[in-house]
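Reading through the structure tokens given below for one structure.
Chains as they are written, first to last, in this note's numbering: chain A, 1000 to 1277; chain B, 23 to 768.
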């Protein structure tokens, strides 16, 4: 290897250590039976055991129901629905923003961008009252709507950028061949935008999958709880159990890590289609 | 039939249908109507205590088959705010279990209803102070269930519990690698016992701050010597106390009954807190919290069955849980330290009885609503003295000023007439302008031409308007109101005047809007520069064509993105611990003295930035990787032919091609960082002395810990919005030119 190559690997390895070091501490904590507070530079579990994992996975409620499985189902339902709702609502609108000019377009885009600058805590209570009026408090569909408030604007911007980067000539050719606008959209534009759609869905999924504060405010039935609420209950003030917390954190992160692995190519091409102009 | 509908309208219809379908599938099935009275009970217990409560509730249901109790565990962190949001709007439980110290706050926020006087045979079963703690405005509000306080846990294999009866005996004890007393002295709750031992009080009878007394200063002076002398660990937290004692690295611990279930491998004894010779031999007196059964103030809803029957059932449930039988079940099944005296017998483990006795001797925390605002200022004073920045007296005087400022009278109600006239004339003007525009013939044609496009965007427009714009608009309106929780009155622009005038203090004092804004801007700039710098550097390295292990590097480097940010923020916080943190352990390998990361602004800020850079660089790296793939290869080939050096290629090809693609991501990243609440709140928590606070976390504190001044927090949010909006107006025109070169050309 040439020295320059070695230097490249050295920089990447330093970055890798920086990226993985805290995660290794979480892993060490999750596998430690009893945590011994000791100043140590190397994340190694003390008295390695699976006790925290079995405790988190095996938790049951007062009536003997398997909580982890139920909350995993809730989390999956909510996160997948959020991704679907965001894509379904945002895709046609983002296409229109990319291709058509219409009265009020500039204003709408600017206002949408402006809403992203408002700190979310200002809207929590009004949102609660709104869901109350719709009768959706304490339901998973209500929570999906809450997540949609951030997922839909993000998807609109992301997909609008993706459509911008797909040449108009593609669908114009299809329309010359007799396809309708909608037909061209479905058969030509959507397939070309597949990486961006996958990544937009992934982000919507992730935002719902990892969210705690809103879920804890809007859900009150234990069988509806999503996994982050379960996780947070291990970090409560008095009976904190950081071992359980770390084990739960790893279990919650695994599906997202798997998705990242599967979608790694789309991640690179889908994310930036928005900004890039070839 | 369907085919007659224009095809894009069909697309819209289909998508709305799909969304509705998704909602419908997720809708819960309605609960079956039952003849029994169904009552909902909330609690915030952890696993084992929760089981104890459920067992007692099952016992109640056996004695009352006509009542069905639904028990729900709420995560501790969200408990109080959830009760305060849900109950006043007619939701939430019929009854709940909570500590007594929030009683007055709950009464003011219309969260709880009076319970009514307790029967005399029940009263006789409790210590009088534990019943009195549930009174407010000469009404009884609850049934006492448990009493908890801090106690002394002693590890028998390290020392005889009966020898260590004074604080001084711990100060004199030394053994390498073992802490004499694991005690969270940094927190007001933990150190209250020492203040009480010296005869200091937190609040006087009128609810004013009273810790700035000679006794308070003396206690704080003594407190500051404990970590310095190695008697208690530095930067302690509940978690650290637990781990030190549990792993046999502490002779004794000051903690509560919640510690015991974890101590399976330690031979321990529980004793009352030691005496303090320096305070004339007075004992350390901790705060007691009384967990009680409260009735929610939830209004009666139509169709919820017989109200009289329900309220009778609820009272019976509360009294059963506190009865000998109910309390014994909770004690035996869940380890509750029950307040019911007749439930106890000699058969209970000695440590539980010791906890009960300690709680009976402890001082019930004052119920005054101002008590919750004592903690913030006092925590800051304690930490300042522990860091040696200030003497005890000055620090406590400062705490008093801070307390007075946070509890000062709300701005007076103003007449909304002017605002009403102003807003309605503004609205009229807008409507008039719009109508004039629409009526012009060119506009009409333009709108007609826009119709097909509207069919594609209408549903998204409506949904964003209802779900995003409307709640934000209502939130912004709140900024013209003042009050606590939902008790609001109109005050015009008073909140803005207060914020922009730094509440009448110096504009450059810590905590003033302008100083916090400066920190926020610095925070945003440093983070974005590092995100982009590291992200672009790594992407450039990863895009080298012949790099080995490329995929492995790429997959592993995005992992920080996949872990929930509140988990890693807590992990980083632990790594920056002075005594036990990994960062100082690494520095020690290079012979660097340990750093107190949260003691100075510069290091605390560095800790926050490190965490946030770690969270954010993968995003910029991935964005750059994508942008690099779209730079045509032939440009580099041409440059090479022309003899350009690698640096020149970077300077004249990569950079100019990359910049427009990165700009939107950088802008978005700047907005996210500006409002990045999690990291600041969880890593430095504003330390030292609130200097690392950013605007969003400051807004959060006003909204949740400083008496729920919702309107004041909303004014902060509107100011943040205004600043970011101006920033985007200033940077967007450049972006539009930069990102749409093709559009500009055509």
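Backbone N, C-alpha and C fix where the C-beta goes; we use that ideal spot for every residue, glycine too.
Inset, instruction - Please decide whether residue 449 of chain B counts as near chain A, where near means a Cβ-Cβ distance under 9 Å. - result: Position 427 of the second chain, counted from the first residue, corresponds to residue 449 of chain B. For residue 449 of chain B, the answer is no, since every Cβ of chain A falls outside 9 Å of its Cβ.
Legend entry - Euclidean distance between Cα positions of residue 161 of chain B and residue 433 of chain B: The residue labelled residue 161 of chain B in the question sits at position 139 within the second chain. The residue labelled residue 433 of chain B in the question sits at position 411 within the second chain. Using only the alpha carbons, I get a separation of about 30 Å.
Inset, instruction - May I ask you to list, following chain order, the residues of the segment 97 to 110 of chain B that have a beta carbon less than 8 Å from some beta carbon of chain A? - result: 97, 98, 99, 100, 103, 104, 107, 108
Inset, instruction - Spell out whether any CB of chain A is found under 9 Å from the CB atom of residue 49 of chain B. - result: Taking the first residue of the second chain as position 1, residue 49 of chain B is located at position 27. Annotation note: pLDDT 49 at residue 49 of chain B (below 50); position unreliable, coordinate value reported separately. With 9 Å as the cut-off, residue 49 of chain B counts as an interface residue toward chain A.
Inset, instruction - Kindly indicate if chain A contains any beta-carbon less than 9 Å away from that of residue 677 of chain B. - result: In the second chain, counting from the first residue as 1, residue 677 of chain B sits at position 655. By this cut-off, residue 677 of chain B is not an interface position.
Inset, instruction - Excluding the 5 residues preceding and the 5 following residue 635 of chain B in the sequence, name in chain order all residues of the same chain whose CB lies nearer than 8 Å to its CB. - result: Here the question's residue 635 of chain B lines up with position 613 in the second chain. So the qualifying residues of the chain are 549, 552, 553, 556.
Legend entry - Member of A:1044, A:1067, A:1079, A:1042 whose CA lies at the smallest distance from the CA of residue 1054 of chain A: As a working mapping, residue 1054 of chain A is identified with position 55 in the first chain. Residue 1054 of chain A has its Cα closest to that of A:1067, out of A:1044, A:1067, A:1079, A:1042.
Legend entry - Assigned secondary structure, residue 1233 of chain A (DSSP; H/G/I helix, E/B strand, else coil): Counting from one through the first chain, the residue named residue 1233 of chain A turns up at place 234. If DSSP states are grouped into helix, strand and coil, residue 1233 of chain A belongs with coil.
Legend entry - Spatially closest choice to residue 1240 of chain A from A:1031, A:1105, A:1137, by CA coordinates: What you label residue 1240 of chain A is simply residue 241 of the first chain in a count that begins at 1. Nearest C-alpha to residue 1240 of chain A: A:1031.
Inset, instruction - Check the DSSP bridge columns for residue 308 of chain B and list the partner residues they point to. - result: By 1-based counting over the second chain, the position of residue 308 of chain B is 286. For residue 308 of chain B, which the question treats as bridged, DSSP gives no partner whatsoever.
Inset, instruction - Answer with buried or exposed for residue 198 of chain B, where buried requires no fewer than 16 other C-beta atoms within 10 angstroms of its C-beta. - result: Locating residue 198 of chain B in the second chain gives position 176, where the first residue counts as 1. Residue 198 of chain B is exposed by the Cβ-count criterion.
Legend entry - Alpha carbon of residue 50 of chain B to alpha carbon of residue 1071 of chain A, nearest angstrom: One-based indexing of the second chain puts residue 50 of chain B at position 28. One-based indexing of the first chain puts residue 1071 of chain A at position 72. Residue placement at residue 50 of chain B is poorly supported in this model, since its pLDDT is 46, which falls under 50; the coordinates still yield a value, given next. So the two alpha carbons sit approximately 17 Å from each other.
Inset, instruction - Answer with yes or no whether the minimum CB distance from residue 113 of chain B to chain A is below 9 Å. - result: Reading the second chain from its first residue, position 91 is the one you call residue 113 of chain B. Answer yes: the Cβ-Cβ gap between residue 113 of chain B and chain A drops below 9 Å somewhere.
Legend entry - Of the listed residues B:70, B:697, B:608, nearest to residue 1037 of chain A (C-alpha basis): The residue labelled residue 1037 of chain A in the question sits at position 38 within the first chain. Checked all of B:70, B:697, B:608; the closest Cα to residue 1037 of chain A is B:608.
Legend entry - Below-9 Å beta-carbon distance, residue 750 of chain B vs any chain A residue: The sequence position of residue 750 of chain B within the second chain is 728, counting from 1. It does; some Cβ of chain A falls within 9 Å.
Legend entry - Bridge-paired residues (DSSP) for residue 200 of chain B: Working through the second chain from its first residue, we reach residue 200 of chain B at position 178. B:197.
Inset, instruction - Give me whichever residues DSSP pairs with residue 293 of chain B in a beta bridge. - result: Position 271 of the second chain holds residue 293 of chain B. Paired residues: B:174.
Legend entry - Three-way DSSP call (helix, strand, coil) for residue 634 of chain B in this model: Position 612 of the second chain, counting from 1, holds the residue named residue 634 of chain B. Looking at residue 634 of chain B - three-state DSSP - the assignment turns out to be helix.
Legend entry - Separation of residue 387 of chain B from residue 381 of chain B, as counted between CA atoms: As a first step, residue 381 of chain B must be located in the second chain, where it is residue number 359. As a first step, residue 387 of chain B must be located in the second chain, where it is residue number 365. Those two C-alpha atoms are separated by around 11 Å.
Legend entry - Nearest candidate by alpha-carbon position, reference residue 304 of chain B, set B:256, B:360, B:190: Here residue 304 of chain B refers to the residue found at position 282 of the second chain. Answer by Cα proximity: B:190.
Legend entry - Environment of residue 529 of chain B [buried if 16+ CB atoms lie within 10 Å]: Position 507 of the second chain, counting from 1, holds the residue named residue 529 of chain B. By the neighbour-count rule (16 or more Cβ atoms within 10 Å), residue 529 of chain B is not buried but exposed.
Inset, instruction - Please find out if some non-hydrogen atom of the ligand PLP comes closer than 8 Å to the beta-carbon of residue 343 of chain B. - result: As for the ligand PLP, it is missing from this structure, which has no ligand bound.
Inset, instruction - Specify, as a first and last residue, the run of the alpha helix (DSSP H) that residue 656 of chain B falls within. - result: Counting from 1 along the second chain, the entry for residue 656 of chain B is found at position 634. Segment 655 to 663, the alpha helix (DSSP H) holding residue 656 of chain B.
Legend entry - Where residue 379 of chain B sits in the DSSP three-state scheme: Translated into the one-based positions of the second chain, residue 379 of chain B becomes position 357. In this structure, residue 379 of chain B counts as helix in the three-state DSSP scheme.
Legend entry - Residue span of the alpha helix (DSSP H) that contains residue 245 of chain B, given as start and end: Position 223 of the second chain, counted from the first residue, corresponds to residue 245 of chain B. Taken as a continuous stretch (DSSP letters only), the alpha helix (DSSP H) holding residue 245 of chain B covers 236 to 250.
Inset, instruction - Could you work out which residues of chain A lie near residue 651 of chain B, taking near to mean beta carbons separated by less than 8 Å? - result: Within the second chain, residue 651 of chain B is the residue found at index 629, counting from 1. The contacting residues are 1267, 1268.
Inset, instruction - Starting from residue 9 of chain B, follow its DSSP beta bridges and name the residues at the other end. - result: A question about residue 9 of chain B goes unanswered here, because the residues of chain B that appear run from 23 up to 768.
Inset, instruction - Kindly list the residues whose CB is nearer than 6 Å to the CB of residue 605 of chain B, restricted to its own chain and excluding five residues on each side of it in sequence; keep chain order. - result: Along the second chain, one-based indexing puts residue 605 of chain B at 583. Closer than 6 Å at the Cβ level, and outside the excluded window around residue 605 of chain B, lie 597, 598.
Legend entry - Spatial neighbours of residue 621 of chain B in its chain, beta-carbon cut-off 7 Å, leaving aside the 5 residues before and after: Numbered from its first residue, the second chain carries residue 621 of chain B at position 599. For residue 621 of chain B, where only same-chain residues beyond five positions count, the Cβ hits under 7 Å are 409, 710.
Inset, instruction - Name the residue from A:1155, A:1141, A:1268, A:1232 whose alpha carbon lies nearest to the alpha carbon of residue 1080 of chain A. - result: Taking the first chain and counting its residues from 1, the one referred to as residue 1080 of chain A is at position 81. The candidate whose alpha carbon is nearest that of residue 1080 of chain A is A:1141.
Legend entry - CB contact below 9 Å: residue 52 of chain B versus chain A: In the second chain, residue 52 of chain B corresponds to position 30, counting from 1. Because residue 52 of chain B carries a pLDDT of 44, less than 50, the predicted location of this residue cannot be relied on, and the following value inherits that uncertainty. Not an interface residue.
Inset, instruction - Closer than 7 Å by C-beta to residue 633 of chain B: which residues in its own chain qualify, once you throw out the five before and the five after it? Chain order, please. - result: Taking the first residue of the second chain as 1, we reach residue 633 of chain B at position 611. Closer than 7 Å at the Cβ level, and outside the excluded window around residue 633 of chain B, lie 591, 594, 701, 705.
Legend entry - Buried/exposed call for residue 1200 of chain A, threshold 16 Cβ in 10 Å: As a first step, residue 1200 of chain A is located in the first chain; it is residue number 201 there, counting from the start. Buried, by the Cβ-count rule.
Legend entry - Beta-carbon gap between residue 1211 of chain A and residue 1230 of chain A smaller than 9 Å: By 1-based counting over the first chain, the position of residue 1211 of chain A is 212. By 1-based counting over the first chain, the position of residue 1230 of chain A is 231. Against a cut-off of 9 Å, the Cβ pair of residue 1230 of chain A and residue 1211 of chain A comes out as a contact.
Inset, instruction - State the DSSP-derived secondary structure class of residue 134 of chain B, mapped to helix, strand or coil. - result: Numbered from its first residue, the second chain carries residue 134 of chain B at position 112. Strand, per DSSP.
Legend entry - Where residue 158 of chain B sits in the DSSP three-state scheme: Taking the second chain and counting its residues from 1, one reaches residue 158 of chain B at position 136. Correct three-state label for residue 158 of chain B: strand.
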